[in-house]
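All letters in the sequence shown, in the order written, are residues 1 to 323 by this note's numbering.
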Amino acid sequence: MRCSMKALILSVSTGGGHGRAAEAIRESILINEPESEVRIIDTIKYISPFLDKLVVGTYLRSIRHYPSFFKYLYKHSDEDGRFIKSSTIGNDYITNQLYPSIVEFEPDIIIATHAFTAQVLSILRKKFGWQKPSLVVMTDYASHAFWVHRNVDAYVVSNEDMVHELVLRGRDQSMIFPYGIPISQEFFELKPKKQIYQEFNLNENRKTLTIVGGSLGMGNIEEILQEITSVTLDIQILVLTGSNTKLFNKVTEMSENCNKCIVPLHYCDNMNDILSITDLLVTKPGGLTITESFITGTPLAIYSAIPGHEVQNADYLFRHHLA
Numbered sequence: 001m002r003c004s005m006k007a008l009i010l011s012v013s014t015g016g017g018h019g020r021a022a023e024a025i026r027e028s029i030l031i032n033e034p035e036s037e038v039r040i041i042d043t044i045k046y047i048s049p050f051l052d053k054l055v056v057g058t059y060l061r062s063i064r065h066y067p068s069f070f071k072y073l074y075k076h077s078d079e080d081g082r083f084i085k086s087s088t089i090g091n092d093y094i095t096n097q098l099y100p101s102i103v104e105f106e107p108d109i110i111i112a113t114h115a116f117t118a119q120v121l122s123i124l125r126k127k128f129g130w131q132k133p134s135l136v137v138m139t140d141y142a143s144h145a146f147w148v149h150r151n152v153d154a155y156v157v158s159n160e161d162m163v164h165e166l167v168l169r170g171r172d173q174s175m176i177f178p179y180g181i182p183i184s185q186e187f188f189e190l191k192p193k194k195q196i197y198q199e200f201n202l203n204e205n206r207k208t209l210t211i212v213g214g215s216l217g218m219g220n221i222e223e224i225l226q227e228i229t230s231v232t233l234d235i236q237i238l239v240l241t242g243s244n245t246k247l248f249n250k251v252t253e254m255s256e257n258c259n260k261c262i263v264p265l266h267y268c269d270n271m272n273d274i275l276s277i278t279d280l281l282v283t284k285p286g287g288l289t290i291t292e293s294f295i296t297g298t299p300l301a302i303y304s305a306i307p308g309h310e311v312q313n314a315d316y317l318f319r320h321h322l323a
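Written out as structure tokens, the structure is:
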């Protein structure tokens, strides 16, 4: 017996947000259609772990060590169509490798949560004649040319400003839906705060500040922490260091030599709990983290935006007086 719906979600692991959005979409589909079958493919890793390491590794090195170069690439790839043509070569290869698995799965809809896989959707229709519905879910607060392609049926964007942006990029307004960035249902089902304070061994009568460096633990977190601990305010501090073990160890060392309560945490899966007790979130402006803070009503302070998409996210926040 065939399930009620088959959905295929295509993503890429450049940072944690694209995968988290994919998981949130799967969660929502299964809540509303429990008999559905939803498959997530981390596309580049799926076809070649070596290629994934090369592509993702190059991206991470560029934003860490060569931010000015990444800024240049981001800006000019948004303005110069030749960049799109060059990316088509790589995404055409990815599509060719994925196609047999797509045909075997027979999805009723294919959803992209990354710019690379947005182009894969377009290639699927143009090259292979794929006619099932396709949807691009954009995971930032501004658009970029790499996300916008012909032969895609619909776009879900985070805000009304992006509807206008995509229309200027040639998409019909009827296919653009400002529904927001998908996040886990956990953010709508929060535990009692008293319980969360106890789990983190925190004082519920003290203000809590949380510093987040994204899934990679990036940014000048040490400097920020030093500045914050130098003030006389009676606060407690959570520091999420992501996969950055060196930073985790440094924050742990700082916590042992500080008169304030500092709790270092690796990348965690209970961000909903953390945000519900946070009085101020100091964070890089990633699309998913911004959305999660909106849902929990957590005030935002922004630092160390990655040139390109995160700078655009920060611009959106400041323009609308949201941070």
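Ideal placement from N, C-alpha and C gives every residue a C-beta, glycine not left out.
Using the C-alpha atoms, what's the distance from leucine 54 back to arginine 169?
Here residue 169 is taken as the residue at index 169 of the sequence shown, counted from 1. Here residue 54 is taken as the residue at index 54 of the sequence shown, counted from 1. Distance from the CA of arginine 169 to the CA of leucine 54, rounded to the nearest whole angstrom, comes to 31 angstroms.
Nearest residue (CA-CA) to phenylalanine 188, options Glu23, Thr252, Asp273
To locate residue 188, count along the sequence shown from 1; it is residue 188. Out of Glu23, Thr252, Asp273, Asp273 has the C-alpha closest to the C-alpha of phenylalanine 188.
Assess contact between the segment 125-140 and the segment 152-161, defined as three or more Cβ pairs (one per stretch) separated by less than 8 angstroms. Is contact present?
Contact holds: three or more Cβ-Cβ distances are below 8 angstroms.
List the DSSP bridge partners of valine 136.
Within the sequence shown, the letter at position 136 stands for residue 136. Answer is Ala112, Tyr155, bridged to valine 136.
Three or more beta-carbon pairs under 8 angstroms between the segment 253-263 and the segment 276-288, yes or no?
no
Looking at alanine 21: is its Cβ nearer than 8 angstroms to the Cβ of threonine 210?
As a working mapping, residue 21 is identified with position 21 in the sequence shown. As a working mapping, residue 210 is identified with position 210 in the sequence shown. Contact: no.
Which of the three DSSP states is assigned to glutamate 160 in this structure?
Start at 1 with the first residue of the sequence shown, and residue 160 comes out as number 160. Three-state result, glutamate 160: helix.
Is any beta-carbon of chain B found at less than 8 angstroms from that of valine 55?
Of the chains in the structure shown, none is chain B; there is only one protein chain.
At what residues does the beta strand (DSSP E) containing isoleucine 302 begin and finish?
Taking the sequence shown and counting its residues from 1, one reaches residue 302 at position 302. Here the beta strand (DSSP E) through isoleucine 302 covers 300-302.
Over what stretch of residues does the beta strand (DSSP E) that includes isoleucine 277 continue unbroken?
Within the sequence shown, numbered from 1, the residue matching residue 277 stands at position 277. Neither: isoleucine 277 is in no beta strand (DSSP E) and is coded neither H nor E.
Using CA coordinates, which residue listed in Ser143, Ser184, Pro192, Arg206 is at the minimum distance from leucine 166?
Within the sequence shown, residue 166 is the residue found at index 166, counting from 1. Nearest option by C-alpha distance: Ser143.
Helix, strand or coil for methionine 1? Go by DSSP, reduced to three states.
If you number the sequence shown from 1, residue 1 lands on position 1. With a pLDDT of only 49 at methionine 1, under the threshold of 50, the placement of this residue in the model should not be trusted; the figure read from the coordinates follows. Of the three classes helix, strand and coil, the one that applies to methionine 1 here is coil, per DSSP.
Are the beta-carbon atoms of threonine 241 and glycine 219 separated by less than 8 angstroms?
Along the sequence shown, read from residue 1 onward, the residue named residue 241 stands at position 241. Along the sequence shown, read from residue 1 onward, the residue named residue 219 stands at position 219. In this structure, glycine 219 does not lie closer than 8 angstroms to threonine 241 by Cβ.
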